[in-house]
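Numbering that gives the first Met the number 0 numbers the first residue of the sequence shown as 0 and each following residue consecutively.
Cβ coordinates follow ideal geometry from the N, Cα and C atoms, glycine included.
For reference, the structure discussed in these notes is given below.
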Amino acid sequence: MSPTTSAGLSGFAHDPAPELRACFAAIAAGPMAGLPLCNPALEVAAIGFRSWQGEWLGALLTPWSLSLVLLPGGGGLFRPLAADERQCWSFPSGEYAFLGNREPELGPYQMCSLYSPVFEFESQADAEAVAHAALDALFVAADGAAEAGAAAEQARLQGESVAAAPVSRRDFLRGGLLLRGRG
0 MSPTTSAGLS
10 GFAHDPAPEL
20 RACFAAIAAG
30 PMAGLPLCNP
40 ALEVAAIGFR
50 SWQGEWLGAL
60 LTPWSLSLVL
70 LPGGGGLFRP
80 LAADERQCWS
90 FPSGEYAFLG
100 NREPELGPYQ
110 MCSLYSPVFE
120 FESQADAEAV
130 AHAALDALFV
140 AADGAAEAGA
150 AAEQARLQGE
160 SVAAAPVSRR
170 DFLRGGLLLR
180 GRG
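In structure tokens:
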């Protein structure tokens with residue numbers, strides 16, 4: 000079922016997770032099936048959807064990616080965008096750009112990629128835990144990000160694992176776990 004419309008885009012009146020999952024499960028079983036880009040340990044899941052600023056926010060896990068997703072909920076802030084267009088959204092942890100997209104069964108949606116491809120995940124549970132952590136991290140103020148960065152640098156200088164040092168949720172969302180130790 001696509002979003003309800005009346006005099007323009009009004010959005011989903013209820014949690015769109017089942018529709019999102021069904022749409023991407025069909026894509027996974029169809030055009031994406033068997034591609035080397037896919038992690039066979041993962042299946043499609045729509046994770047942690049919640050109403051936020053009148054729109055729907057959650058995460059979409061597929062065998063090829065993990066992304067934050069926004070779908071219209073009628074809040075008036077969501078804009079349907081072309082695939083090459085972005086809308087910036089402000090969260091307590093910072094500002095993030097979401098790219099526009101559209102599926103016929105779903106209507107317009109916006110995505111912010113976290114991982115693509117998703118070979119770092121050994122299991123569905125691991126990937127879903129990261130999705131939940133990313134969603135939680137969006138709503139934590141950026142306070143403490145500098146302290147976490149300093150702790151990682153201190154660990155590096157002392158010859159310790161930088162992965163053991165705390166990481167801010169903002170850095171987590173920006174790939175801080177993957178970028179550690181590359182400096």
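Is the beta carbon of residue j closer than 7 angstroms to that of residue i?
i	j	result
Phe11	Val43	no
Gln86	Gln109	yes
Leu156	Gly47	no
Leu137	Ser92	yes
Ala45	Leu69	no
Gly57	Ala81	no
Thr61	Ala28	no
Pro35	Pro79	no
What is the residue span of the beta strand (DSSP E) that residue i lies within?
i	result
Leu59	54-60
Ser92	Neither: Ser92 is in no beta strand (DSSP E) and is coded neither H nor E.
Gly75	Here Gly75 belongs to no beta strand (DSSP E), and DSSP marks it neither H nor E.
Gly47	44-51
Which residues bound the alpha helix (DSSP H) around residue i?
i	result
Phe23	16-28
Ala132	123-137
With which residues is residue i paired in a DSSP beta bridge?
i	result
Cys111	Leu67
Leu98	Arg85, Met110
If I'm right that residue i touches residue j with Cβ under 8 angstroms, what's the distance once you round it to whole angstroms?
i	j	result
Pro30	Trp55	So it is not a contact: roughly 25 angstroms between Cβ atoms.
Ser50	Gly72	6 angstroms
(request) State whether the stretch 60-68 contacts the stretch 106-121, with contact taken as three or more CB pairs (one from each stretch) at a distance under 8 angstroms. (result) yes
(request) Assess, as a yes-or-no matter, whether the stretch 116-136 is touched by the stretch 24-41 under the definition of 3 or more beta carbon pairs within less than 8 angstroms. (result) yes
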